[in-house]
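Numbering of the sequence shown is given in my numbering, commencing with residue 206 and proceeding in unit increments.
Glycine included, C-beta positions come from ideal geometry on N, C-alpha and C.
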Amino acid sequence: MFLNNKTAQDGLNISNLFAEHFSSAYSHICPSTDDLKVTIADCIDLSKIDITVQEVFLALEKCKLNSSPGPDGIPEIVLSQCRYALTLPLHYLFSLSLSSGTFPDLWKSSYVQPVFKNGDRSNIINYRPISIMSSIPKLLESILLPKLNFSFSKYIIPQQFGFRPHTSTSSNLVAYHKYLMDVIEKGGQVDAIYTDISKAFDTINHAVLIRKLELMGVNNLMLKWFSSYISCRSQKVRLHGYVSNNISIPSGVPQGGHISPLLFILYMNDVGLVFKHAQFSMFADDLKLFYNINSLDDGSKLQDDFDNFKAWCYNNGLQVNINKCNSISFYRNKSPFNIAYYSDNYLLPKVDSIKDLGVIFSSSLSFTAHIQSITIKASRSLGFIIRNTRDFNNIVSLKILYFALVRSVLEYCSILWNPYQLVWINKIERVQNKFLRFINTKIPNNCIIIDHCYEPLRRLVNINSLSSRRLYFDVIFIYKILHGTIKDSFLLSQINLSVPTFNSRSRPTFHIPSHKTLYGFFSPINRALVSCNNLQNKFDIFHSSQKALQNNIFSF
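Right under this line is the structure:
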């Protein structure tokens with residue numbers, strides 16, 4: 206193994222090389238905390254948190270039975286199996302930690318496991334760290350997280366979709382797409398700048414984080430406890446039984462912790478204060494700025510807000526990775542504004558398509574490139590399964606492999622890109638049909654496929670068509686918005702009930718806005734509402750259970 210100009214042959218030295226590489230991610234920058242701002246000052250009053258014996262017992266019940274032990278050497282299965290004996294001692298220990306404002310030093314150490322990303326396997330820079338914390342402090346964090354979410358959640362900006370209950374990449378992208386589509390359908394243009402923060406989780410400044418928590422209203426014992434929780438941490442690389450030297454962690458939130466994601470989004474929560482013109486959307490540290498471009502001056506406004514973002518990162522001890530920032534223009538008109546965006550003197554690359562949270566957006570808002578990409582990826586995974594399971598005869602095992610490695614790729618975020626053109630519908634379905642033909646060879650009395658009709662075979666092996674599953678995902682997206690499983694006021698505002706001007710035998714449930722274009726009519730929310738109206742005689746979307754809705758759709 207090698208790192209830059211250093212090489213190592215034995216396990217211990219390799220572990221130390223990994224430790225050296227992972228430690229380089231941390232920041233020693235000390236920004237001033239004097240002029241820090243938060244979105245809403247003194248929005249909470251959090252000075253103390255109490256936990257009950259019952260909460261400790263329930264947390265012990267939920268411990269994972271197959272997790273690896275951390276530095277304390279205690280597997281979670283031991284905590285779970287011994288929960289009746291451990292509940293009271295752990296409750297006393299946790300209460301003492303919170304009442305004294307102290308997070309014990311022994312709980313601050315963690316193991317790091319290198320995981321290969323891609324490229325040369327002998328090059329250490331091609332590995333990322335996975336942190337393994339001790340079981341007992343993770344248990345305490347799991348009890349604290351719902352209490353902290355309850356205190357902070359209503360003050361987290363709505364543009365943040367990451368690490369929050371009732372939000373997802375799908376809700377982020379659908380809301381973003383709605384903004385883009387509304388402008389483009391009117392003949393307009395939206396320019397977007399996609400940003401990247403280098404090692405964002407590892408470079409959070411501890412002093413800045415504590416000051417922000419204090420400004421929000423965390424005080425006394427809880428402020429002291431948070432300060433103790435993030436400070437004086439250390440980690441060791443564990444690889445094939447070898448353990449590296451200890452590494453101190455001067456910055457960042459603890460990787461693998463339950464409350465670390467919440468602390469991170471609280472750190473980022475005030476970034477919106479610096480944007481004077483542009484809209485923005487976030488998923489954890491992935492932030493994009495976008496603005497309706499009607500003139501060259503509008504491009505200058507977007508540029509100003511990008512500059513403000515860079516200044517905010519600098520003032521908060523974070524570093525923008527300019528090499529991973531891109532700009533893109535979304536339009537369908539014939540005379541778009543061609544505006545260049547810069548970071549100081551560096552011209553940001555302008556791209557025709559960009560991958561946003563796993564989905565490829567093209568400048569025309571067509572998702573054909575994304576469909577081509579996922580079908581290629583899924584076909585490769587399916588080929589891998591077929592090559593390596595020729596001796597398998599267990600249909601259930603083959604289906605599990607297919608669902609995990611192939612179908613999941615073909616269905617991720619389908620609410621956004623679900624195609625209406627038959628050519629793309631068939632292209633996606635062909636991947637599953639190939640699996641059906643393969644699995645058909647494993648059935649003793651295999652099904653005869655006539656005229657490429659796979660429906661009898663699908664029924665035989667209990668696999669629904671991909672198009673029917675996308676229909677289900679469309680409808681369930683609306684269902685979740687209406688029932689609060691997805692909490693987004695903007696998306697909810699796009700759903701309006703139909704109020705007819707005259708009596709009719711068949712009144713649609715939802716109002717469908719008129720559109721001048723096919724791509725507008727088949728945009729995600731519009732298409733999903735049309736599907737709900739088409740199926741309204743099959744179920745009551747307001748009162749049916751999600752399971753009943755699923756059964757009715759797949760019997761349609």
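Three Cβ pairs or more, each shorter than 8 angstroms: is that satisfied between the stretch 744–761 and the stretch 696–710? no
Original post:
Can the beta-carbon of Val395 be found less than 8 angstroms from the beta-carbon of Tyr496?
Top reply: yes
Straight-line gap, Pro649 to Ile600 (C-alpha atoms, nearest Å):
11 angstroms
- Please classify Lys269: is it buried, with 16 or more other beta-carbons within 10 angstroms of its beta-carbon, or exposed? exposed
Item checked: beta strand (DSSP E) segments (min. 3 residues) lying fully within the stretch 301–381 -> 314–321 and 332–338
Practice item. Measure the beta-carbon distance from Leu774 to Leu349 and round it to whole angstroms, keeping in mind my assumption that it falls under 8 angstroms. Key: No information on residue 774 is available, as it lies outside the stretch 206 to 761 that the chain covers here.
Taking the alpha carbon of Leu627 as the point to measure from, which residue in Leu671, Ile655 and Phe744 has its own alpha carbon closest? Leu671
Spatial neighbours of Asn354 in its chain, beta-carbon cut-off 7 angstroms, leaving aside the 5 residues before and after: Pro370 and Leu467
Margin query: Less than 6 angstroms between C-beta atoms, sequence neighbours within five positions excluded: which residues of the same chain meet that for Ile435?
Written below: His411
For my contact list, Tyr546 and Phe589 are in at a C-beta cut-off of 8 angstroms; report their separation, rounded to the angstrom.
-> With a Cβ gap of about 41 angstroms, Tyr546 and Phe589 do not count as contacting.
Report task. Name the one or two DSSP bridge partners that Met487 has. Result -> Gln365 and Leu492
When you compare the stretch 415–426 with the stretch 288–296, are there three or more beta-carbon pairs, one atom per stretch, that lie closer than 8 angstroms?
no
Neighbourhood of Lys721 by C-beta distance below 8 angstroms, restricted to the same chain and skipping five residues each side = Glu390
Q. Could you check where the alpha helix (DSSP H) with Gln577 kicks off and where it finishes?
A. Thr573 to Asn593
Query - Every unbroken beta strand (DSSP E) within the stretch 460–543, with a cutoff of 3 residues, ordered by chain - result: 484–488, 491–497 and 531–536
In this structure, what does DSSP give as the bridge partners for Ile256? Looking at the DSSP assignment, Ile256 forms no beta bridge with any residue, so it has no partner.
- DSSP puts Leu702 in a beta bridge; with which residues? Phe715
Query raised in the report: Taking buried to mean at least 16 other C-beta atoms within 10 Å of its own C-beta, is Asn631 buried or exposed?
Result: exposed
field: Stretch pair the stretch 440–456 + the stretch 277–286: three plus CB contacts closer than 8 angstroms
entry: no
Through-space distance from His445 to Leu311, alpha-carbon basis:
23 angstroms
*asked:* In the DSSP output, what is Ala224 paired with across the bridge?
replied: According to DSSP, which records beta bridges pairwise, Ala224 is partnered with nothing at all.
Reference Asn645; option with closest CA among Pro319, Leu665, Ile633 and Leu471: Leu665
Worksheet item: Using a Cβ-Cβ cut-off of 8 angstroms (strictly less than) and excluding sequence neighbours within five positions of Leu562, which residues of its own chain qualify?
Response: Thr374, Asn377, Leu378, Phe488, Asp491 and Cys618
- Task: Kindly give me the distance between the Cβ atoms of Val317 and Lys441, rounded to whole angstroms, as I take these residues to be in contact under 8 angstroms.
- Result: 7 angstroms
Nearest to Leu552 by alpha carbon, out of Ile527, Phe747, His382 and Phe542?
-> Ile527
Checklist entry - How would you call Asn667, buried or exposed, if buried means at least 16 neighbouring beta carbons within 10 angstroms? => result exposed
(Q) With H, G and I counted as helix, E and B as strand and the rest as coil, what does DSSP make of Tyr617? (A) coil
Query raised in the report: Are Pro729 and Leu621 close, meaning C-beta to C-beta below 8 angstroms?
Result: yes
- Task: With Ile686 as the anchor, note down where its alpha helix (DSSP H) starts and where it stops.
- Result: Leu671 to Leu687
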